[in-house]
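Numbering (my numbering), first residue to last: 64 to 771.
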């Protein structure tokens with residue numbers, strides 16, 4: 064703690080050395096996601112970040128995942144690979160399905176995927192006003208999936224009266240014989256009577272890298288390049304007047320990406336297509352300056368199709384195999400919330416219903432063996448409903464009283480595992496008018512995915528089917544202590560230390576005949592695969608983020624996250640004997656047989672250290688230069704090890720640290736046209752995000768922005 068105080072004392076002298084009265088006071092920015100009502104970042108007793116509309120507009124990034132990968136506490140797998148690659152989000156060491164992703168306060172998931180996580184490459188930046196990030200467990204406010212934190216994507220509302228528009232055209236290259244062309248258009252019309260309309264269109268065409276790393280020399284054919292075609296359309300009709308704020312919106316996303324068969328495994332005929340149709344609504348009314356009622360919700364239907372046609376395996380020779388899988392999902396959310404606010408006290412209370420459903424069917428044909436397999440699970444009831452009620456209150460004593468307190472609770476009822484209670488408790492002390500010391504104790508939960516619950520797959524001789532309707536939700540308990548400091552010139556510094564322990568982690572396992580000693584197991588002893596609540600995961604870490612205005616023209620900003628300790632533990636006594644039949648249980652994640660207590664350190668695909676830095680120089684009013692630095696420390700990744708049991712299982716191998724430098728410039732030609740240019744990975748560093756897949760080399764992008 065003494066070192067922390069010294070850092071802030073030194074920063075106070077340094078950051079206040081040069082005043083800049085007209086600079087943006089970042090910590091004074093108002094957010095809504097942390098507490099579900101308007102609150103300044105400086106006054107919020109949580110770790111909070113906002114990606115503003117200006118950052119979104121002037122960047123060359125095309126997806127939400129690309130932007131998030133530069134933020135504190137976040138590591139995105141896939142953001143540095145060929146466009147269209149699945150983007151998985153890891154926040155503060157949590158699993159990729161333990162972060163709640165929202166659009167206008169309504170959760171987005173993919174119920175048809177094995178772990179229910181949304182692929183961030185699906186989410187373009189079309190019509191996005193800003194993105195709010197809350198780190199740490201927040202299930203009392205947002206329910207399931209919020210163990211690691213919350214990402215809330217907030218769309219644009221009405222602009223000034225009349226007709227307005229923005230557009231952009233971007234082109235670039237990110238490797239040998241690659242190209243990308245992106246077009247974006249946003250139109251809005253404000254009728255002047257409170258009624259407004261927004262419409263957006265986004266199109267992306269990519270000639271990409273070979274997604275997988277090719278280790279075969281003197282091939283009979285060239286490696287397959289993996290491209291992407293993506294289109295988004297968005298429309299919103301809203302009304303903001305006379306204390307009413309309401310809208311209905313529709314978004315349609317379609318994308319078609321070439322993929323490979325796996326790590327180090329090129330495939331010339333494998334594709335994944337995705338389509339989502341999403342309707343959102345929101346109606347809010349302010350009865351007076353203190354009382355507000357809000358109702359919102361969403362209906363979303365999506366389909367993901369994986370297709371792998373016959374592949375060329377030798378000159379003029381094909382393998383004769385064809386596979387097609389269609390995975391469908393549906394989400395429906397409806398929620399009502401009442402807000403009360405006065406000078407010293409804020410309170411909310413609300414409730415809602417979250418419904419999710421999925422089905423899938425697969426087809427496989429082998430011409431070599433004249434074999435056909437058809438599986439249709441459309442008739443099986445695979446859905447779940449979660450009903451919930453929540454309340455949150457916060458109090459502060461005003462300028463004369465530096466102490467504040469916020470408390471939140473939520474009771475959820477899942478149609479399969481029943482009631483579940485979560486809470487958060489956040490005391491804070493305003494050390495000064497520009498400093499906040501806060502602490503947080505919170506719990507979270509993450510419900511099993513529909514696939515984990517209901518998958519009816521059961522092989523010949525298996526003891527049980529793959530799905531497990533007796534699964535319990537993953538539970539978390541988190542601590543955090545942090546300090547926020549804003550300086551007189553708009554500079555700021557924030558730091559936080561945190562610990563999250565998650566129990567009931569869901570693992571995929573193999574079952575083996577208990578009557579055969581483990582060392583003598585053979586293929587004939589296999590009794591199927593399933594999902595079980597087994598493990599406990601513990602993560603400890605610290606974060607530091609800040610921005611310094613060295614001069615009126617020069618600023619330095621950045622963030623560092625250090626996961627000081629990460630560990631998964633498991634023990635035999637936690638096994639569900641009814642589901643396993645007391646047979647041998649083998650973890651697929653590391654190949655270990657659970658015969659006693661065991662552990663695994665260094666979580667997969669989560670670097671111990673990540674960092675991002677930016678130097679910005681405003682050479683003149685219309686011209687700015689930017690230099691970025693990116694670091695991802697060494698981390699473990701999985702590979703298939705055939706020596707782990709009769710079938711083999713995953714093992715871990717270290718992936719090397721990478722450090723990248725980027726440079727860019729922004730120039731405003733006039734009030735209607737601006738240019739953004741960027742070079743990423745300036746030194747063309749060869750590296751991998753994950754084993755067996757290529758990352759982008761030196762990349763150059765040019766973007767023209769139009770405003771009218």
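Even for Gly, the Cβ is constructed at its ideal location relative to N, Cα and C. The structure displayed is predicted, hence computed values, not measured ones.
Helix, strand or coil, according to DSSP, for residue 762 in the structure here? strand
Coil, strand or helix - residue 643 by DSSP: helix
Helix, strand or coil, according to DSSP, for residue 399 in the structure here? strand
Between the alpha carbons of residue 475 and residue 451, how many angstroms are there, rounded? 4 Å
By how many angstroms is the C-alpha of residue 147 removed from the C-alpha of residue 249? 23 Å
Would you mind reading off the limits of the alpha helix (DSSP H) that contains residue 127? 127-131
Using 10 angstroms around the beta-carbon of residue 673, count the other beta-carbons present and answer buried if the total reaches 16, otherwise exposed. buried
Nonlocal neighbours in the same chain, by C-beta distance under 8 Å from residue 638, ignoring five residues either side: 595, 597, 648, 657
What first and last residue would you give for the beta strand (DSSP E) that runs through residue 722? 721-731
Residues in the same chain with beta-carbon distance under 8 Å from residue 529, minus the five sequence neighbours each way, listed in chain order, please. 518, 519, 520, 521, 591, 592, 593, 594
Neighbourhood of residue 86 by C-beta, 7 Å cutoff - its chain only, sequence neighbours within 5 removed: In this prediction, residue 86 has a pLDDT of 35, which is less than 50 and means its spatial position is unreliable; what the coordinates show is noted afterwards. These residues qualify, in order along the chain: 552, 553, 612.
Which partner residues does residue 459 have in the DSSP bridge list? 467
Let me check one thing: in DSSP terms, what residues is residue 230 bridge-paired to? 248, 769
Look at the alpha carbon of residue 72 and the alpha carbon of residue 608, and state the distance between them as a whole number of angstroms. Bear in mind that a pLDDT of 48 at residue 72, under 50, signals an unreliable position, so the number given afterwards is only what the model happens to contain. Answer to the nearest angstrom: the Cα atoms are 16 Å apart.
Residue 683 (DSSP reduced to helix, strand or coil): strand
Please report the residue range of the alpha helix (DSSP H) in which residue 204 lies. 202-205
Contact defined as beta carbons within less than 8 Å: I believe residue 501 pairs with residue 489. What is the distance between those atoms, to the nearest angstrom? 6 Å
Kindly indicate which residue of 404, 201, 255, 234 has the alpha-carbon position closest to the one of residue 227. 255
Which partner residues of residue 490 appear in the DSSP bridge assignment? 468
Cα separation between residue 763 and residue 236? 6 Å
Give the DSSP bridge partners of residue 603, in chain order. 562, 628
Is the beta carbon of residue 514 sitting closer than 8 Å to the one on residue 176? yes
Selection from 343, 405, 246 that minimises the alpha carbon distance to residue 352: 405
Rounded to whole angstroms, what is the Cα-Cα separation between residue 752 and residue 699? 10 Å
Residue environment, residue 99, which counts as buried when at least 16 other CB atoms sit within 10 Å: buried
With a Cβ-Cβ cutoff of 8 Å, do residue 719 and residue 745 count as a contact? no
Which same chain residues end up closer than 6 Å to residue 259 when comparing Cβ atoms and leaving out the 5 residues on each side of it in sequence? 221, 253, 301
Considering just the uninterrupted stretch of the beta strand (DSSP E) at residue 344, what are its terminal residues? 333-349
Counting only the same chain and skipping the five closest in sequence on each side, list residues whose C-beta sits under 6 Å from that of residue 340. 315, 364
What are the complete beta strand (DSSP E) segments, minimum 3 residues, inside the segment 116-181? 137-140, 151-154, 162-166
Applying the criterion that 16 or more other CB atoms from any shown protein chain within 10 Å of the CB defines a buried residue, is residue 244 buried or exposed? exposed
Inter-residue CB distance, residue 772 and residue 195 (contact presumed, cutoff 8 Å): Nothing about residue 772 can be read from this structure; the chain reaches only from 64 to 771.
Of all the options 571, 538, 234, 464, which has the alpha carbon lying nearest to the alpha carbon of residue 486? 538
Return the first residue and the last residue of the alpha helix (DSSP H) that residue 517 is part of. 513-517
Backbone secondary structure at residue 707 - three-state DSSP: coil
Is it the case that the Cβ atoms of residue 747 and residue 761 are separated by a distance below 8 Å? yes
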